[in-house]
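There are 2 protein chains.
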Amino acid sequence: MLDNFAARWLPALETEMRAVLAGDDRATPLHYGMIHYHMGWVDSHFQPVTLLAGKRLRPLLCLMACQAVGGDPAQALPAAAAVEILHNFSLVHDDIEDGDLTRRHRPTLWSVWGVPQAINAGDAMFALAFAALQRLSRTQVAAAQQLAALQLFTDTAVALTEGQHLDMHFEQRRQVSVAEYLRMIEGKTAALIGASVALGGLVGGDSMYAPLRRFGQSLGLAFQIQDDLLGIWGDPAVTGKAAGNDILRRKKSLPLLHALNDPLCGEALHALLWSDRLTDADLPEALRLLEQAGARTYATDQMRRFYTASQQALQEALGAEAPASLLWATANWLMQRQS
Amino acid sequence: MLDNFAARWLPALETEMRAVLAGDDRATPLHYGMIHYHMGWVDSHFQPVTLLAGKRLRPLLCLMACQAVGGDPAQALPAAAAVEILHNFSLVHDDIEDGDLTRRHRPTLWSVWGVPQAINAGDAMFALAFAALQRLSRTQVAAAQQLAALQLFTDTAVALTEGQHLDMHFEQRRQVSVAEYLRMIEGKTAALIGASVALGGLVGGDSMYAPLRRFGQSLGLAFQIQDDLLGIWGDPAVTGKAAGNDILRRKKSLPLLHALNDPLCGEALHALLWSDRLTDADLPEALRLLEQAGARTYATDQMRRFYTASQQALQEALGAEAPASLLWATANWLMQRQS
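Protein sequence lines correspond, in order, to chains A and B.
Our numbering puts the first sequence at residues 142 to 480.
Our numbering puts the second sequence at residues 142 to 480.
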C-alpha cells in the first residue's frame with residue numbers, strides 16, 4: 142500500500158523538484174550543479190546518476206495528508222517539493238556545522254567544493270524551498286491558503302534553526318535536561334515533519350490542520366528518539382553505523398542524557414565518557430552504566446508515548462478512518478524500522 | 142530633506158525589526174543574542190549598545206518608493222524590515238565565506254561565536270526576513286499584493302546567492318569578462334536594491350512596479366561600480382580603507398577587469414598582481430597600468446551610464462515629478478559619496 146503510493150507519486154515529486162532547482166541562468170551552472178549533486182541527481186562531475194536518494198519521507202507524508210482529508214495529492218506537489226528541499230538545505234548546512242565528510246555514502250557537498258560555496262549553495266536551496274512553495278499558485282490553491290502555507294513554512298524554518306542552535310550549544314555543555322533535549326528535537330526534527338503533514342492537510346482543504354500537525358510533530362519526536370536508540374543499540378549490520386558510534390561521539394541523545402542525569406551512575410558515566418582517551422574498550426562499561434540507569438527502557442517508553450500521542454492526534458484529525466489511513470500505516474511502518 | 146525622512150522613519154523601522162528578531166523562546170537567548178549583536182543592538186556580552194548601524198539604505202528606499210507612488214510608508218514597514226534583515230543575513234554569511242574578521246569596526250559574528258553557530262544564525266535571519274515580510278498582513282495589504290511581494294522577495298534571495306556564487310567563483314579564475322562581472326553585481330548588489338524599491342511601490346499601490354525596480358537595479362549597479370572606484374582611488378582618510386587595498390587583495394572589480402582584459406597592458410598587470418610577492422611597493426606600477434588601460438575613465442563612464450539609466454527609469458515610473466522626489470535626491474546623494 143505504501144509502496145504503491147510512493148511508486149505513484151515519487152516520479153511527479155522528482156519532476157517538481159527538478160523544475161524548481163533547474164536554474165535558468167547560463168552563468169551559474171556550477172551553482173545549480175552543486176545542488177543537483179546534493180539531491181543525488183548527478184555525480185561530482187555533474188554526470189547523471191541513479192542513486193538511492195533520501196527516503197523522501199516528508200514529502201510523502203505531505204501528499205498522504207492531502208489525500209487523507211479528501212484532496213488531490215497533485216495539488217500538494219509544490220508543498221511536498223518545498224518540505225523536501227528545505228530538509229535538504231538543512232542537511233547541507235548541518236554537514237558543514239558538524240564537519241561530516243560523508244552522507245548517503247558520498248562525500249558531502251562542502252568536502253567536494255569547500256565551505257564557502259557550500260554555505261552559499263545551501264542558502265540557494267533555502268530560497269528555492271520558498272520558490273517551490275509559491276508554485277501552489279499553479280495548482281489552483283486559493284490565495285488565503287497560499288499565505289497560510291507560507292506562514293507555516295516560515296515558522297518551521299525558524300524552528301529548524303532554533304533546534305540546530307540548541308543541538309550545537311548542548312555539545313558545549315556538561316549537563317542537559319530531558320526537557321531541554323525535547324525542546325531541541327522539537328525544532329530539529331518534529332517541526333518539519335509536523336509542517337509536512339499540516340501543509341498537505343491545508344492544501345487538501347482542511348483549514349483546521351492543527352491535529353494533523355500534532356500527529357506529525359509527535360511522530361517526529363518518536364522518530365528521533367528511535368534514532369537515538371538505534372544509534373546505541375541498533376545492529377551495525379543493519380544501521381550501517383559502527384557499534385557504539387553515538388557513545389564514542391558523546392552524542393547527547395535521550396538515553397545518554399537520562400543516564401548522565403541519573404543520581405547513582407551519572408557521575409561514573411560522565412567520568413568515563415569525558416576521560417582523555419575514550420575508546421572501543423570503554424563501550425561495555427558505558428553500556429553497563431546505561432543499563433543500570435534504565436536508559437534503554439526509559440527512552441523506549443518515551444518513544445512509545447509520543448507514538449501513541451501521534452495516533453491519538455490522527456484520530457482527532459481523521460476520526461474513525463484514521464487506523465485505515467496511509468498516514469497511520471506509514472507511522473506504524475516507521476516505528477518498526479531497524480535502521 | 143533626506144535627513145528629515147530618515148529621522149521620521151528610522152525609529153519605526155528599528156522597532157519593526159526588533160519585533161521580528163525578538164525571539165519568543167526562553168530556550169534560545171544566545172541564538173537571538175548573536176542576531177542582535179550583528180544588527181548592532183548589543184555587544185558581545187549582549188549588553189545594549191548604541192552603535193552606528195548600517196546605512197539602512199535599502200529600507201529607506203523602500204519606504205520612499207511607497208510614499209512616491211502615493212502610499213503610506215507605515216504600510217511598507219514590514220517590507221522595509223524584510224529587505225534590511227535579508228541584507229544583513231547575506232552579510233553574516235559573506236563574512237564567513239570571505240574570512241573577514243571585522244565589520245563596522247567590530248569582530249564579525251563568526252569570529253566571536255565560531256563558524257557553525259554563525260552559519261546557523263544567518264539561516265535564522267534568512268527565515269526571519271520572510272517572517273518580516275509576512276507582517277504585511279498586519280498593515281492591511283491585500284492578499285494578492287502580499288503574494289506578489291513574497292514572489293519578488295524569493296526571486297531576489299535566489300539572485301543574491303547566484304551573485305555571491307559568481308563572486309567566489311571568479312576569484313578562482315584568471316580572466317573574467319565585463320559581461321560576467323555585470324551579471325555578478327546584478328545578483329550581489331542590484332537585485333536587492335531593485336527589490337527594495339519595487340516592494341515599496343507594490344505596497345504603495347503601484348501594481349506596475351517594473352520601472353521602479355529598474356530604477357533600483359540601475360542605481361545598484363552604479364553604486365557597486367562607484368564602490369569599486371573608491372576601493373582603488375578613494376581617499377583612505379575618507380573611506381577608512383587602506384590605499385590600494387582592493388588591488389592588493391586582487392579583487393576582481395570593474396576597473397581591474399577592464400585593465401586585465403586590455404590587449405596592451407593586461408598581461409603586464411596580470412604578471413604583476415599574481416607574482417609571488419605583491420606588496421605596497423607594487424602599487425604605483427599597478428596604478429600606472431590601470432591608467433594606461435583607461436580603467437578609471439572606463440569605470441566612471443559605466444557608473445554614469447547606469448546612473449543615467451536609473452534616472453530615466455524613475456521618470457518612467459513617476460513622470461514629471463521624478464526630479465523633485467526623494468528617490469531622485471537619494472540617488473543623487475549616493476553618487477556624490479566619497480566613502
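All C-beta atoms in this analysis are idealised placements derived from N, C-alpha and C, irrespective of residue type, glycine included.
By the three-class DSSP mapping on this structure, what secondary structure does A:T169 have?
Here A:T169 sits in coil by DSSP.
Please report the distance separating the alpha-carbon of A:L395 from that of A:V319.
Distance between the alpha carbons of A:L395 and A:V319 is about 7 Å.
What residue from B:A298, B:G345, B:Q367 has the CA that sits closest to B:V224's CA?
It is B:A298 whose Cα lies nearest to the Cα of B:V224.
If contact means a Cβ-Cβ distance below 7 Å, which residues of the segment 158-170 of chain B contact chain A?
From the segment 158-170 of chain B, only D166, A168, T169 have a Cβ closer than 7 Å to chain A.
So, does the segment 336-348 of chain B touch the segment 201-221 of chain B, judging by three or more C-beta pairs under 8 Å?
In short, these stretches touch, since the Cβ pair count reaches three.
Does the beta-carbon of A:G462 have 16 or more other beta-carbons within 10 angstroms, so that it is buried, or is it exposed?
The question names Gly, but residue 462 of chain A is Glu in the sequence shown. Exposed is the call here.
Counting Cβ pairs, one atom from each stretch, are 3 or more of them under 8 Å apart for the segment 163-172 of chain B and the segment 302-313 of chain A?
At 8 Å Cβ cutoff, the stretches touch.
Under a three-way DSSP split, which group does A:R244 fall into?
Strand.
Contact check, A:L362 vs A:I388 under 8 Å by CB: the rounded distance?
About 22 Å; that fails the 8 Å criterion.
Give me the chain B residues within the contact set of A:P257, using Cβ-Cβ distance strictly less than 7 Å, ordered along the chain.
Near A:P257 (Cβ distances below 7 Å), the residues of chain B are E238, M309.
Is it buried or exposed, A:M349, if we count other Cβ atoms within 10 angstroms and call 16 or more buried?
It counts as exposed.
Name the residue from A:F447, A:E432, A:P425 whose alpha carbon lies nearest to the alpha carbon of A:L405.
Out of A:F447, A:E432, A:P425, A:E432 has the C-alpha closest to the C-alpha of A:L405.
Please check if any C-beta of chain B sits within less than 8 Å of the C-beta of A:V299.
So, interface residue.
For A:D184, which residues from the same chain have a beta carbon less than 6 Å from its beta carbon, with the 5 sequence-adjacent residues on both sides left out?
V190, listed in sequence order.
Determine the extent of the alpha helix (DSSP H) in which B:M325 is found, giving its start and end residues.
Start and end: 319-326.
Assess contact between the segment 269-279 of chain A and the segment 235-246 of chain A, defined as three or more Cβ pairs (one per stretch) separated by less than 8 Å. Is contact present?
Counting Cβ pairs under 8 Å, fewer than three are found: no touch.
Only counting the same chain, and skipping five residues up and downstream in sequence, which positions put a Cβ closer than 6 Å to that of B:M476?
Result list for B:M476: Y448, in chain order.
According to DSSP, simplified to helix, strand and coil, what is B:V183?
Three-state result, B:V183: strand.
Run through chain A and tell me which residues come within less than 7 Å of B:L269, C-beta to C-beta.
Near B:L269 (Cβ distances below 7 Å), the residues of chain A are V299.
Just checking: is the beta-carbon of A:H186 within a distance shorter than 8 Å of some beta-carbon in chain B?
Closer than 8 Å: no.
Suppose you measure from the CA of B:M160 to the CA of B:R391; what does that come to, to the nearest Å?
The displayed chain sequence assigns Ala, not Met, to residue 160 of chain B. When rounded, the distance between both Cα atoms is 41 Å.
How would you list, in chain order, the residues of chain A whose beta-carbon sits under 8 Å from the beta-carbon of B:A272?
Here the neighbours are T295, D296, V299.
Here's the rule I'm using: 16 or more other beta-carbon atoms within 10 Å means buried, otherwise exposed. How should A:H186 be labelled?
By the 10 Å Cβ count, A:H186 comes out exposed.
Go to B:R437, then tell me how far its alpha helix (DSSP H) extends in each direction, as first and last residue.
Per DSSP, B:R437 belongs to the alpha helix (DSSP H) from 436-459.
With DSSP collapsed to three states, give me the class of B:P189.
If DSSP states are grouped into helix, strand and coil, B:P189 belongs with the strands.
Taking beta-carbon pairs under 8 Å, can you tell me which members of the segment 378-407 of chain A lie near chain B?
For the segment 378-407 of chain A, which is checked against every Cβ of chain B, not one residue is closer than 8 Å.
Are the C-beta atoms of A:R324 and some chain B residue less than 8 Å apart?
Taking Cβ atoms only, chain B reaches closer than 8 Å to A:R324, which makes this a yes.
Which residues mark the beginning and the end of the alpha helix (DSSP H) in which B:G263 is found?
Residues 256-275.
By the DSSP assignment, the alpha helix (DSSP H) with A:P352 in it spans what residues?
Looking at the DSSP string, the run of the alpha helix (DSSP H) that includes A:P352 is 351-374.
Could you tell me the boundaries of the alpha helix (DSSP H) in which A:V161 lies?
Residues 143-161.
Run the CB neighbour count on B:E426, radius 10 Å, all protein chains shown included, and call it buried at 16 or more, exposed below.
With fewer than 16 other Cβ atoms within 10 Å, it is exposed.
Hey, out of B:G345, B:L353, B:G435, B:S480, whose CA is closest to B:D376's CA?
Checked all of B:G345, B:L353, B:G435, B:S480; the closest Cα to B:D376 is B:S480.
Counting contacts by CB-CB distance shorter than 8 Å, is A:I260 in contact with chain B?
Judged by the 8 Å Cβ criterion, A:I260 is in contact with chain B.
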